[in-house]
Ligand code: ADP
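Numbering (the numbering used here), first residue to last: 1199 to 1698.
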């Protein structure tokens, strides 16, 4: 087994990876930007090394700097987490050149999966059903018009080298196509350095259902069942669960086999996700995410498998610790992404100092977080405070437990998306499992419900003594008093002071 791992990431996922390393007796190395000096993952690691200023381009994306630390610390493997360099083929290749194990698929597979149009061609070859559309990037407005007429409106124009929902444009009719093409290409060029776009049929209100797969270098590929991630805002996931309320055993087995086939066809290695859209009883391949995903804990809760531990085994050249027959989905798990955002104010980010953090506990609760009381969330990165994951013997129990956990969760100092999650857990359609990617737009009463919940004071936090607030208030008063005294003294003595 690898003995020392550098984690080329930050926040909760860096802590998550290091937790498994600690259990397995693997040494951990953190790299961090100037903005993350006080972050939990920096404190957690066996050793931590500064790599540059806050902008990711000068720190978390700086391949040379990260590899220099890996070499200097004798790290045998690099875990990229998700985002940043996780799916960057150049980084995987640079690790290989430096004889350091990149904990993920090969550079070649990353390059293939990162080119979504190429991945679609590969899936057609492997007889995996894809969302109807082009399998090449469209070269001109004429070509796009002809393709869209074939596919049938509405269509969606998507950057081939993209991610995070960036640059995707929905087009209702031919008149709007040329402009949408220009917009998507321009955004794709700016955001990803690649202007290529392809066109797909836009499915009206699909469910997002994805399969977790694991593959080793010995020819073993298994799937760990599915996650449903249909509760989204602007194509970004907010709540995920496993299993999906939409699938029965037979469909799960069928889709799981297709996901395994997709992974096998490209020689996949490590942990990955095969994403599908589910619409009117049919499923269509969307893309492969070649990394550990934000929502992986729901799968861990229902299968009992530590996905990061399997990644580390595979990177060490070992076989997976389980075969398909060993995989059994037990109960139901739900994850809420608790963001530093104000859901009642258009989800604007609310970075700042967390004056108090009291995560929930008890049966069936897991909190993956990179924060602590008195930590300041920097404004430079994504606003995730914590992932709150619950497990129950069935979905109803999981929902009841999530409501209880949200009641217990105390975060003071910054606004969070907790009221949003509380409103969803109360929503009759959510409770019935009637999900779709347009859930938020179709549930306008969610916002009233959120306001009601936020105003009701129905939370454990409102019942606890406000010591942290008090301490902060007293400190602020003391500072102001001191300033006034200084002013007064200056007035009397005629000296001037500079406040710093
Ligand atoms: P990205 O990699 O940029 O996140 P994806 O292809 O994974 O993009 O799609 C993200 C989300 O966008 C999906 O979960 C779904 O909500 C929506 N979406 C993407 N393609 C389609 C489509 N063809 N029809 C309907 N919705 C889509």
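For each residue, glycine too, the CB sits at the ideal point set by N, CA and C.
Remember, predicted model here, so these are calculated numbers, not experimental data.
Item	Value
Would you kindly work out how many angstroms separate the C-alpha atoms of residue 1225 and residue 1257, rounded to a whole number?	22 Å
According to the neighbour-count rule (16 or more other Cβ atoms, all chains shown, within 10 Å of its Cβ), is residue 1322 buried or exposed?	exposed
In whole angstroms, what is the alpha-carbon distance linking residue 1395 and residue 1334?	8 Å
Which word fits residue 1368, buried or exposed, when buried means at least 16 other C-beta atoms lie within 10 angstroms of its C-beta?	exposed
Secondary structure at residue 1334, three-state DSSP: helix, strand or coil?	coil
Check whether the Cβ of residue 1404 lies closer than 7 Å to any heavy atom of the ligand ADP, and answer yes or no.	yes
Give a yes or no on whether the C-beta atoms belonging to residue 1484 and residue 1355 are separated by under 8 Å.	no
When every heavy atom of the ligand ADP is checked, does at least one fall within less than 7 Å of the C-beta of residue 1393?	no
Say yes only if the C-beta of residue 1641 is nearer than 7 Å to one or more non-hydrogen atoms of the ligand ADP, and no if none qualify.	no
Please report the straight-line C-alpha distance between residue 1541 and residue 1617, rounded to a whole angstrom.	7 Å
Taking just the CA atoms, how far does residue 1397 sit from residue 1375?	10 Å
Helix, strand or coil: how does DSSP classify residue 1693 here?	Note that residue 1693 scores a pLDDT of 43, beneath 50, so its modelled location is shaky and nothing firm can be said.
Measuring from the CB of residue 1484, is there a heavy atom of the ligand ADP at a distance below 7 Å?	yes
Taking the alpha helix (DSSP H) that residue 1549 falls in, what are its first and last residues?	Segment: none, residue 1549 is in no alpha helix (DSSP H) and carries neither H nor E.
Go ahead and pull the three-state DSSP assignment for residue 1216.	helix
Taking the alpha carbon of residue 1522 as the reference point, which residue from 1463, 1631, 1389 and 1422 has its own alpha carbon closest?	1422
Sorted by chain position, which residues of the same chain lie with C-beta nearer than 7 Å to residue 1519's C-beta, five sequence neighbours on each side aside?	1508 and 1511
Only counting runs of 3 or more residues, tell me where the beta strand (DSSP E) segments fall wholly within the region 1406 to 1492, in order along the chain.	1419 to 1431, 1434 to 1440, 1468 to 1477 and 1480 to 1487
Spatial neighbours of residue 1690 within its chain, please: CB distance less than 6 Å, with the 5 preceding and 5 following residues excluded, ordered by chain position.	Because residue 1690 sits at a pLDDT of 46, beneath the cut-off of 50, its placement in the model cannot be relied upon, and the point is left open.
What's the C-alpha gap between residue 1251 and residue 1640?	42 Å
In angstroms with no decimal places, state the Cα-to-Cα distance between residue 1604 and residue 1233.	29 Å
Hey, could you find the ends of the beta strand (DSSP E) residue 1202 is sitting in?	1202 to 1205
Can you check DSSP and say which residues form a bridge with residue 1636?	BP columns for residue 1636 are empty, so no partner.
Could you give the uninterrupted runs of the beta strand (DSSP E) lying entirely in the region 1268 to 1351, keeping only those of 3 residues or more?	1275 to 1277
Buried or exposed: which applies to residue 1414, given that a residue is buried once 16 or more other Cβ atoms fall within 10 Å of its Cβ?	buried
Taking only three categories from DSSP, how would you classify residue 1698?	Only weak support exists for where residue 1698 lies, its pLDDT of 31 falling under 50; the value from the coordinates is given anyway. Residue 1698: coil per DSSP, three-state reduction.
Suppose the cutoff is 8 Å on Cβ atoms and the five residues either side in sequence are ignored; what does the same chain contact list for residue 1430 look like?	1406, 1436, 1635, 1637 and 1638
Is it buried or exposed, residue 1241, if we count other Cβ atoms within 10 angstroms and call 16 or more buried?	exposed
Please report the distance separating the alpha-carbon of residue 1695 from that of residue 1550.	Confidence at residue 1695 is low in this model, with a pLDDT of 35, below 50, so the placement of that residue is unreliable and no value is reported for it.
Under three-state DSSP, which class holds residue 1533?	strand
Using the Cβ count rule (16 or more neighbours within 10 Å means buried), how would you classify residue 1279?	buried
Buried or exposed for residue 1737, please, with buried defined as at least 16 other CB atoms from any protein chain shown within 10 angstroms of its CB.	Residue numbering for the chain in the displayed model covers 1199 to 1698; residue 1737 lies beyond these limits and cannot be assessed.
Would the region 1528 to 1547 and the region 1608 to 1616 be scored as touching if the rule is three or more Cβ pairs under 8 Å?	yes
Once you ignore the five residues that flank residue 1698 on each side, which residues in its own chain have a CB closer than 6 Å to its CB?	Unreliable placement is indicated for residue 1698, whose pLDDT of 31 sits below 50; the coordinate value is still reported in the next sentence. Counting only Cβ-Cβ distances below 6 Å, and skipping sequence neighbours, we find nothing.
So, does the region 1471 to 1480 touch the region 1555 to 1571, judging by three or more C-beta pairs under 8 Å?	no
Sorted by chain position, which residues of the same chain lie with C-beta nearer than 6 Å to residue 1277's C-beta, five sequence neighbours on each side aside?	1203, 1205, 1215 and 1301
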